[in-house]
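Line by line, the protein sequences give chains A and B. Numbering that gives the first Met the number 0 puts the first residue of the first sequence at 0, with every later residue one more than the last. Numbering that gives the first Met the number 0 puts the first residue of the second sequence at 0, with every later residue one more than the last. No residue lacks a Cβ here, since even glycine has one placed at the ideal position from N, Cα and C. Quick caveat: nothing in here was measured; it's all calculated off a predicted structure. See structure below.
Protein chains: 2
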Amino acid sequence: MAPTDLRLDYAYCTADALGGVHGVARQRAVELSQSFIRVHAELERGRQEGRLGFWELPQTPAAELTAIKSQAERLRGLADNLVVLGIGGSALGATAVDMALNGIWRHSLPRRQDGMRLYVADNSDPRMFTSLLEGLDLKRTAFNVISKSGSTAETAAQFMVALDRLEQALGPEEARRRLVLTTDPVAGSLRPLATLQGFPSLPVPPNVGGRYSVLSAVGLLPLACAGHDIDALLAGAGRMAARCLAPEMTANPAYLFAALAVDFWRRGRNILVMMPYVSDLFGLAQWFAQLWAESLGKALNLKGETVNLGQTPVAAVGATDQHSQLQLYMEGPHDKLICFITLDNYGCDLEIPSLYPELDAMAYLGGRSLAELIQAEAKATAAALADQGRPSLSLRLPLLDEDALGQVIFLLEAATVAAGALLGIDPLDQPGVELSKKLTYGLMGRPGFDSFRQRLEELDLGQRFVL
Amino acid sequence: MAPTDLRLDYAYCTADALGGVHGVARQRAVELSQSFIRVHAELERGRQEGRLGFWELPQTPAAELTAIKSQAERLRGLADNLVVLGIGGSALGATAVDMALNGIWRHSLPRRQDGMRLYVADNSDPRMFTSLLEGLDLKRTAFNVISKSGSTAETAAQFMVALDRLEQALGPEEARRRLVLTTDPVAGSLRPLATLQGFPSLPVPPNVGGRYSVLSAVGLLPLACAGHDIDALLAGAGRMAARCLAPEMTANPAYLFAALAVDFWRRGRNILVMMPYVSDLFGLAQWFAQLWAESLGKALNLKGETVNLGQTPVAAVGATDQHSQLQLYMEGPHDKLICFITLDNYGCDLEIPSLYPELDAMAYLGGRSLAELIQAEAKATAAALADQGRPSLSLRLPLLDEDALGQVIFLLEAATVAAGALLGIDPLDQPGVELSKKLTYGLMGRPGFDSFRQRLEELDLGQRFVL
Numbered sequence: 000m001a002p003t004d005l006r007l008d009y010a011y012c013t014a015d016a017l018g019g020v021h022g023v024a025r026q027r028a029v030e031l032s033q034s035f036i037r038v039h040a041e042l043e044r045g046r047q048e049g050r051l052g053f054w055e056l057p058q059t060p061a062a063e064l065t066a067i068k069s070q071a072e073r074l075r076g077l078a079d080n081l082v083v084l085g086i087g088g089s090a091l092g093a094t095a096v097d098m099a100l101n102g103i104w105r106h107s108l109p110r111r112q113d114g115m116r117l118y119v120a121d122n123s124d125p126r127m128f129t130s131l132l133e134g135l136d137l138k139r140t141a142f143n144v145i146s147k148s149g150s151t152a153e154t155a156a157q158f159m160v161a162l163d164r165l166e167q168a169l170g171p172e173e174a175r176r177r178l179v180l181t182t183d184p185v186a187g188s189l190r191p192l193a194t195l196q197g198f199p200s201l202p203v204p205p206n207v208g209g210r211y212s213v214l215s216a217v218g219l220l221p222l223a224c225a226g227h228d229i230d231a232l233l234a235g236a237g238r239m240a241a242r243c244l245a246p247e248m249t250a251n252p253a254y255l256f257a258a259l260a261v262d263f264w265r266r267g268r269n270i271l272v273m274m275p276y277v278s279d280l281f282g283l284a285q286w287f288a289q290l291w292a293e294s295l296g297k298a299l300n301l302k303g304e305t306v307n308l309g310q311t312p313v314a315a316v317g318a319t320d321q322h323s324q325l326q327l328y329m330e331g332p333h334d335k336l337i338c339f340i341t342l343d344n345y346g347c348d349l350e351i352p353s354l355y356p357e358l359d360a361m362a363y364l365g366g367r368s369l370a371e372l373i374q375a376e377a378k379a380t381a382a383a384l385a386d387q388g389r390p391s392l393s394l395r396l397p398l399l400d401e402d403a404l405g406q407v408i409f410l411l412e413a414a415t416v417a418a419g420a421l422l423g424i425d426p427l428d429q430p431g432v433e434l435s436k437k438l439t440y441g442l443m444g445r446p447g448f449d450s451f452r453q454r455l456e457e458l459d460l461g462q463r464f465v466l
Numbered sequence: 000m001a002p003t004d005l006r007l008d009y010a011y012c013t014a015d016a017l018g019g020v021h022g023v024a025r026q027r028a029v030e031l032s033q034s035f036i037r038v039h040a041e042l043e044r045g046r047q048e049g050r051l052g053f054w055e056l057p058q059t060p061a062a063e064l065t066a067i068k069s070q071a072e073r074l075r076g077l078a079d080n081l082v083v084l085g086i087g088g089s090a091l092g093a094t095a096v097d098m099a100l101n102g103i104w105r106h107s108l109p110r111r112q113d114g115m116r117l118y119v120a121d122n123s124d125p126r127m128f129t130s131l132l133e134g135l136d137l138k139r140t141a142f143n144v145i146s147k148s149g150s151t152a153e154t155a156a157q158f159m160v161a162l163d164r165l166e167q168a169l170g171p172e173e174a175r176r177r178l179v180l181t182t183d184p185v186a187g188s189l190r191p192l193a194t195l196q197g198f199p200s201l202p203v204p205p206n207v208g209g210r211y212s213v214l215s216a217v218g219l220l221p222l223a224c225a226g227h228d229i230d231a232l233l234a235g236a237g238r239m240a241a242r243c244l245a246p247e248m249t250a251n252p253a254y255l256f257a258a259l260a261v262d263f264w265r266r267g268r269n270i271l272v273m274m275p276y277v278s279d280l281f282g283l284a285q286w287f288a289q290l291w292a293e294s295l296g297k298a299l300n301l302k303g304e305t306v307n308l309g310q311t312p313v314a315a316v317g318a319t320d321q322h323s324q325l326q327l328y329m330e331g332p333h334d335k336l337i338c339f340i341t342l343d344n345y346g347c348d349l350e351i352p353s354l355y356p357e358l359d360a361m362a363y364l365g366g367r368s369l370a371e372l373i374q375a376e377a378k379a380t381a382a383a384l385a386d387q388g389r390p391s392l393s394l395r396l397p398l399l400d401e402d403a404l405g406q407v408i409f410l411l412e413a414a415t416v417a418a419g420a421l422l423g424i425d426p427l428d429q430p431g432v433e434l435s436k437k438l439t440y441g442l443m444g445r446p447g448f449d450s451f452r453q454r455l456e457e458l459d460l461g462q463r464f465v466l
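Okay, here's the thing in structure tokens:
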């Protein structure tokens, strides 16, 4: 194991730490590890049949990476801002990595890496989009429209509004140069625009779904525009992919993560808190929340039986949420598993001066540092939870860079499909979101969706229950 | 009811919409409403005995408001940036209101209201705090240190680092003018600094806890600095406070909210999703998450019996999270109640041009607007969830301004203490966070906490379970 490798610390999941009622006892661990014989065979088949497209992304051919990088270089020459028009899996990955590396204040304060400022406009909210279109200098702004199918209503609407504005500001020809489409290489309604109308474009591999797409052009183009090292991101992911090929549960970090999450879920812990002790990793926790929720929240299993399962992810931040959520985590129902993410090295530090040695509440801090404090808090919180029989695991990153992010991203993707296999559901589809989309089409007057408008009127109870 | 009043729509909680298994049937509603005879009497006693200090904040005396406003005016004359050093209840309220009114891009793009830029540094993370201290022009920056007790480690550490930097940049005298302390008027370790060292200061009412303090100086000073109308905020809160005095459950929006949340919680829905269909209200959802989690997540009831109860709040955003969490909400376990927040009027809109009438996925959007789209999505999602037996309620705001925010803030605070009374627990304390704090003191070498350092070593299993 290299010093730059992510470590998974699961001590506070075990019966050794939590006792037999709450912890995973050795016998239970043996039973769990046996179920991975089936899981491993299924994932192996999935990889061979090309269903797990994300698994191959760390080995993206050099020619494809060159296309992404040269597109990024072209945009960086044209503009200072890149607005991503995409939602869900087309938005969360780029936000996660850019926030991690350039910080939560990246839009207003100097960033750590030189590149375009990334604005991810992942909502159909007119307040948010108006302030963006009116606040940015459109002459120094490019757009990346990301939708695999091209039919996402929010993105399609924003695309038309943005194109219209760009044409007014720059003329039709220059507007087209500023608007890159990332979409399916063949299917979908954005592809004809790319081919017939001459928009620059990049492909999303057909066998990579939105929430598994951050290491494809979906995430890589915006991240390259923002100045991040996409080769290092893929290299970290590739090293983790190799670790996640181990057949043994106890040697495979993805299997271990999946085993613990599923076992605690089966024993009543229907909530999984993802809680990095790094403000800049809140975006990563939100990215994970989509991955876990949409992949594992399913009505039917693979046999077609109704199961209605799925563990609810919650994004939190340490130490901040010790002052918001910890009271509930310590004393509430035994309904949670917590996954911490910690840094061995924060990459910078601030010494705390001894200004008030006469005040008890301040004296002990003098001469220590903020990194020491947050690391002590992470350790203390995990221990306090364990003391109350509350399980947690920790993903320990050596430091926060592209390589480490690639590792943690791949680990969580692999853990998600392993958990899906363990639960016997399909972690790659999302049938449950269709009804809401169709009702929206009905309300917006899309031809062919009249019956859904009627269905909505039937469901509407008017003002009878309004206070 | 005035046209500017918040409406609570609970149709999709009823058996009329969801059927008898999932919905609240009429008989059950009658039983619930009877339990509010006791709840109302308890809250009435709490108000009379001065335990519910937040209830009086809308009637803050004019002299106190003048002190806050003149402090804000002074700071606005000195600086462009206000950094809040506070965490949890000292941070979340100001962030919620400033984000709501100035938008998620408020740090980099033009804001809707003229005032200081607010940076809320609510973590002991050296990465976040270094980028802030090095990125801001300290000569144009003021600080508001907020801690009722003064003993919060994160805030105390940041305070000493910031004061040291300010003194280096501006000299000791000018540094003191830039650093306002908001703390207990008598007790706590920041108070002697204010009195002896001459820092300007404002009081937190002793009977107002952190998570209920946004309408005190804790929230009002930063919000006045940022240019928001704090009188309108309090006026909206005051109108809602009057509505929340009604003894009848069905006439009192706080009681109705509490009744529904508690009833669904008792029937297995241990997750409450707060999901505004407004990007700028994500901060409000996070503020609510602290309020609900820390108030209701309790090990013991008022009789001292072990109950380990509490519903876990989740902050989400529509339409964004339709592409992240909706799959789980539609198909996962019946373990959630969802509270939407919607706007009747977004205050701005963007028309969608008809650029591609030949493309099915785009044609229907042409000529409609982004506000129409997001409103259709909110309606469609609530209906789709109801179709699957999934309960939701909606807080409908007429528009997004200080008055509406005051209403929704007060409603949720009143609902929280009503839920606490209904559950028979104390919604005002937070005993569960002490152990983690003491273990941190032990690790940081604070005198008197050696035994906690030893306890932590006992809990540590070292490298035995690390992969």
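Unbroken beta strand (DSSP E) run spanning residue i, endpoints
i         : result
Pro202(B) : Ser200 to Pro202
Tyr118(A) : Arg116 to Val119
Ile337(B) : Lys335 to Leu342
Phe142(B) : Thr140 to Ile145
Arg6(A)   : Arg6 to Asp8
Ile351(A) : First-last for Ile351(A): undefined, no H or E at that position.
C-alpha distance - residue i paired with residue j, whole-angstrom precision
i         : j         : result
Met115(B) : Leu81(B)  : 6 Å
Gly317(B) : Trp291(A) : 18 Å
Lys378(A) : Ser393(A) : 10 Å
Asn122(A) : Ser323(A) : 27 Å
Glu173(B) : Leu299(B) : 49 Å
Gly149(B) : Arg37(B)  : 37 Å
Cys347(A) : Gly303(B) : 46 Å
Contact belief for residue i with residue j at Cβ below 8 Å, rounded distance in angstroms
i         : j         : result
Arg126(B) : Val277(A) : 7 Å
Asp8(A)   : Phe464(B) : 7 Å
Arg139(A) : Ala193(A) : That pair is no contact at about 24 Å.
Pro93(B)  : Val119(B) : At residue 93(B) the sequence reads Ala, which differs from the Pro that was named. Contact flag correct, Cβ pair sits at about 6 Å.
Ala414(A) : Ala315(A) : The Cβ separation is near 18 Å, so there is no contact.
Leu5(A)   : Met361(A) : Going by Cβ atoms, the distance from Leu5(A) to Met361(A) rounds to 36 Å, so no, they are not a contact pair.
Neighbouring residues, chain A, relative to residue i (Cβ below 8 Å)
i         : result
Val432(B) : Gln321, His322, Leu325, Gln326 and Met329
Tyr363(B) : Tyr440, Met443, Gly444, Arg445 and Pro446
Met274(B) : The contacting residues do not exist; Met274(B) stays about 12 Å from chain A at best.
Leu131(B) : Trp104 and Leu108
Tyr211(B) : Those do not exist, as Tyr211(B) stays about 13 Å from chain A at its closest Cβ, beyond 8 Å.
Asn307(B) : Glu330, Gly331, Pro332 and His333
Proximal chain B residues relative to residue i, where beta-carbon distance stays under 9 Å
i         : result
Asn143(A) : Going along chain B, no residue has its Cβ under 9 Å from Asn143(A), so there is no contact; the nearest lies around 17 Å.
Asp113(A) : None at all; the shortest Cβ gap to chain B is about 15 Å.
Chain A residues whose Cβ lies nearer than 7 Å to that of residue i
i         : result
Arg463(B) : Ala10
Gly346(B) : Arg126
Neighbour list for residue i in chain B, Cβ cutoff strictly below 7 Å
i         : result
Asp121(A) : Thr319
Ala174(A) : Near Ala174(A) there are no residues of chain B at all, since even the closest Cβ is about 11 Å away, more than 7 Å.
Chain-ordered chain B contacts of residue i [CB-CB under 8 Å]
i       : result
Arg6(A) : Val465 and Leu466
Endpoints, the alpha helix (DSSP H) within which residue i is located
i         : result
Arg238(A) : Ile229 to Arg242
Ser391(B) : Careful: Ser391(B) lies outside any alpha helix (DSSP H), inside the beta strand (DSSP E) at Ser391 to Leu396.
Report task. Inspect the CB distances between the segment 219-237 of chain B and the segment 394-408 of chain B and report whether three or more fall short of 8 Å. Result -> Enough Cβ pairs lie closer than 8 Å, so yes.
Query raised in the report: Does the count of Cβ pairs from the segment 100-111 of chain A and the segment 199-219 of chain A closer than 8 Å reach three?
Result: When Cβ pairs closer than 8 Å are counted between the two stretches, the segment 100-111 of chain A is seen not to touch the segment 199-219 of chain A, the count staying below three.
Query raised in the report: Between the segment 280-300 of chain A and the segment 322-339 of chain B, do three or more beta carbon pairs fall short of 8 Å?
Result: Contact between the segment 280-300 of chain A and the segment 322-339 of chain B is present, because at least three Cβ pairs lie under 8 Å.
Query raised in the report: How about the segment 330-348 of chain B and the segment 358-376 of chain A: do they share at least three Cβ pairs that are nearer than 8 Å?
Result: As far as the Cβ criterion goes, the segment 330-348 of chain B does not touch the segment 358-376 of chain A, which means the pair count is below three.
Query raised in the report: Counting Cβ pairs closer than 8 Å, one from the segment 277-286 of chain A and one from the segment 438-454 of chain A, do we hit at least three?
Result: Per the Cβ contact rule, the segment 277-286 of chain A is not in contact with the segment 438-454 of chain A (fewer than 3 Cβ pairs under 8 Å).
Query raised in the report: Is the segment 246-266 of chain B close to the segment 414-427 of chain B, with three or more CB pairs under 8 Å?
Result: Yes: the two stretches touch, three or more of their Cβ pairs being nearer than 8 Å.
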